[in-house]
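Protein chains in written order, with full-length UniProt numbering: chain F, 1 to 327; chain R, 1 to 438.
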């Protein structure tokens, strides 16, 4: 028990960093689901593409020597924006090719198409990476890699100190900016109103002279850009990326969206942070709690179990409204 | 249309002419497989005779008999003798395993409309059931040094494996089936991953699955002192099972249960209102679909004699889904065709093309980087198939059809006097054309 308490500061810090990533990816799921009632299976892959685009741009800038004169934050901002633009456009393209023709088709068919997109993207990124670098696992450079120590032990005697990468602060900062920006956009602007109207009732919104297609395109652009930005944050935090990171991460971010109530933007933010902290807690302490029988390798199982329990016990999530199906 | 074009059409609509063409085709392809000892094309053409058989207008009984003759006599005989015998039989055996799994998934996705993305978990359960008990692995957690069981227990384990998979299908279904459509897809996806992670790590606290090392030297099946070890022997086991499964699927599809599945797929609320027990209907779909997969898992374990968690990844689940979607959801002949096509694409076409490209690269004709080698591009190909089928042909290659209703058969049981008077007064004719019978 004492060991668990001692490691708590480190678990919280790592959990919040991971949770911030889940939260922003979850926003993409929740926005698309809110509007189209479709699980965008390819969203995890959009995130992964963002990670690759960001890393590539950074590597290219380094090899051409552009970064030498540039301060770290400017380079960071540059790769963030490039990745966001790229993945935003990618998301719009995915919508156009794979989802729009199926808008009136049964749910099952659009889901199948979404799974297809996710597989195609994985392989496309794999062979582009493999073609250019010879290996699909890519390691980038970290811009903010200084390590800080959080002196938790001096504040409370039974806690131990935690280490903190400066990049963790950047992640949390960027994630907060993105989340607040999105919240303001959805709640305060004209386009945000249109978006919420389409989510509520597409046909009536169309009658109120809202261009539904434009709103859907915009949703995909914003959701995918957020996903791409998170990809960059992820690549900066963990260093190594491969084309298959998006899948499991997407699944967990989806769990976060469901936990917070799918379609609910603030719920997704909360769900992401909660899942991140819980997962880190599980991965640090599962071995201790079960006296060595089940170790950190079960942390994914732990997250999926959360998903299953939420869906069974409270399928509308913590902040969602329960909907009755109409006949 | 002139007479020259009409003549072959007219001729081919006759069963006798079809029989002649089919037999000639089967003989020619069988002979070419036999003579051209390593030609994949000839082998594929021979397999296509089964497809040709499907499109003939013979009675069902004749089709079954002809199909059995092709599968159990013509194909093994034609391929035997050549150096590629075992590799042909391997392809056919693998196709059979995948066809059975695709038929299982077809019950879940195609008939009952429940998208299951973790279907390979049931295959894994079947495989591990046989793997654990037919090796010394089971001694780790069952005291008494009773294991390994001999290969003659294989036949019993086909049933046990199917039963275990069905049990897990029900266990997964009970909590999960209250969840709707796309949520179900995600939960089953998670379930598939959970099973894989558990099998990958369950060597402690009690060593049940031997973890990532897998289970090796699984006992091959024996029957009266005869051991099955080569693909050509497994071919008969798999095809025998497959015939049973296809027969069972046909019976299920047109049973009361099968009709309830389709009703649930079309509209859950309406089905429930018509008195269909929702959970029980879905659970049976899960259980029956899973049991096919479990049985084939047992066969797979015995055939490979080695299993580890890496054979049961999400890519496998998706491959099975691709088979169902490509062939046509809910269409039994379609799913069989889809599964056969995808397996052959995987095992034969992709590897052949890769070898050919490698040769070209060696000769210096063409530079193909290894990143682009077709055998690595399964994800891309399968993904593209899923998108293209969803957008352009959601019903698949052979679309499912409802069974045609035979009008005299329907009107026969009705009371004679009423029908005749109604027909004579002309009131029933309208409903006959437009309403029930279509």
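Ideal Cβ positions, reconstructed from N, Cα and C, are used throughout, including at glycine. Note that the coordinates shown come from a computational prediction; the quantities given were computed from them, not determined experimentally.
query = Do we get a CB-CB distance below 8 Å when we pair residue 51 of chain F with the residues of chain R?
reply = no
query = If you draw a straight line from the alpha carbon of residue 175 of chain R to that of residue 312 of chain F, how long is it in whole angstroms?
reply = 7 Å
ask   = For a contact meaning CB atoms closer than 7 Å, what does residue 316 of chain R contact in chain F?
value = The premise fails here: residue 316 of chain R is roughly 13 Å from chain F at the closest Cβ pair, so nothing lies under 7 Å.
query = With burial defined as no fewer than 16 other Cβ atoms inside 10 Å of the residue's Cβ, what is the status of residue 367 of chain R: buried or exposed?
reply = exposed
task = Please classify residue 112 of chain R: does DSSP put it in a helix, a strand, or coil?
result = coil
message = Just checking: is the beta-carbon of residue 354 of chain R within a distance shorter than 8 Å of some beta-carbon in chain F?
response = no
ask   = At a Cβ threshold of 8 Å, is residue 204 of chain R touching chain F?
value = yes
key: Sequence ranges, alpha helix (DSSP H) only - wholly within the stretch 63 to 112 of chain F, length at least 4   = 72 to 94
request  = Go ahead and pull the three-state DSSP assignment for residue 146 of chain F.
outcome  = coil
Span of the alpha helix (DSSP H), counted from its first residue to its last, around residue 328 of chain F = Nothing about residue 328 of chain F can be reported from this structure: the residues present for chain F run from 1 to 327 only.
query = Is the Cβ of residue 315 of chain F closer than 8 Å to any Cβ of chain R?
reply = yes
query = When the Cα atoms are used, what is the spatial distance from residue 361 of chain R to residue 131 of chain F?
reply = 16 Å
task = Alpha carbon to alpha carbon, how far is residue 294 of chain R from residue 22 of chain F? Give it in angstroms, no decimals.
result = 35 Å
task = Determine the chain R residues that contact residue 307 of chain F at a beta-carbon separation under 8 Å, and present them in chain order.
result = 186, 187 and 190
inquiry  = Less than 8 Å between CB atoms is the rule here; does residue 105 of chain F satisfy it with respect to chain R?
reply    = yes
message = Looking at the strands, I want to know which residues DSSP matches up with residue 226 of chain R.
response = R/223
inquiry  = Give me, in chain order, the residues of the same chain whose beta-carbon lies closer than 8 Å to that of residue 15 of chain R; leave out the 5 immediate sequence neighbours on both sides.
reply    = 56, 57 and 58
message = Using CA atoms only, rank isn't needed, just tell me which of F/278, F/46 and F/54 is closest to residue 89 of chain F.
response = F/46
key: Contact under 8 Å by Cβ, residue 320 of chain F with residue 250 of chain F   = no
task = Check whether the Cβ atoms of residue 240 of chain F and residue 137 of chain F lie closer than 8 Å to each other.
result = yes
One or two residues paired with residue 320 of chain R in a DSSP bridge = Partner(s): none; residue 320 of chain R has no beta bridge.
inquiry  = Which residues does DSSP list as the beta-bridge partners of residue 375 of chain R?
reply    = Paired residues: none, contrary to the question.
key: Selection from R/288, R/232, R/20 and R/306 that minimises the alpha carbon distance to residue 250 of chain R   = R/288
ask   = Which residues of chain F have a Cβ atom closer than 8 Å to the Cβ of residue 175 of chain R, listed in chain order?
value = 308 and 312
query = What number of angstroms, rounded off, separates the C-alpha of residue 33 of chain R from the C-alpha of residue 90 of chain R?
reply = 15 Å
task = Put residue 96 of chain R into one of helix, strand or coil per three-state DSSP.
result = helix
inquiry  = At the level of alpha carbons, what is the spacing between residue 125 of chain R and residue 305 of chain R?
reply    = 15 Å
query = Counting only beta-carbon atoms, is residue 8 of chain F nearer than 8 Å to chain R?
reply = no
inquiry  = Looking at residue 97 of chain R: is its Cβ nearer than 8 Å to the Cβ of residue 329 of chain R?
reply    = no
inquiry  = Quick check on residue 111 of chain F - is its C-beta less than 8 Å from some C-beta in chain R?
reply    = yes
task = Since I believe residue 128 of chain R is in contact with residue 307 of chain R (beta carbons under 8 Å), could you give me their beta-carbon distance rounded to a whole number of angstroms?
result = 7 Å
message = When you compare the stretch 385 to 405 of chain R with the stretch 97 to 117 of chain F, are there three or more beta-carbon pairs, one atom per stretch, that lie closer than 8 Å?
response = yes
request  = Take every Cβ of the stretch 287 to 305 of chain F, pair it with every Cβ of the stretch 31 to 50 of chain F, and state whether three or more of those distances are shorter than 8 Å.
outcome  = no
task = Note down, in chain order, each residue of its chain lying with its Cβ closer than 7 Å to the Cβ of residue 186 of chain F, except the 5 sequence neighbours on either side.
result = 192, 195, 196 and 265
message = Quick check on the DSSP output: the alpha helix (DSSP H) that includes residue 273 of chain F runs from which residue to which?
response = 265 to 289
query = When the cut-off is 8 Å and only beta carbons count, does residue 377 of chain R lie next to chain F?
reply = yes
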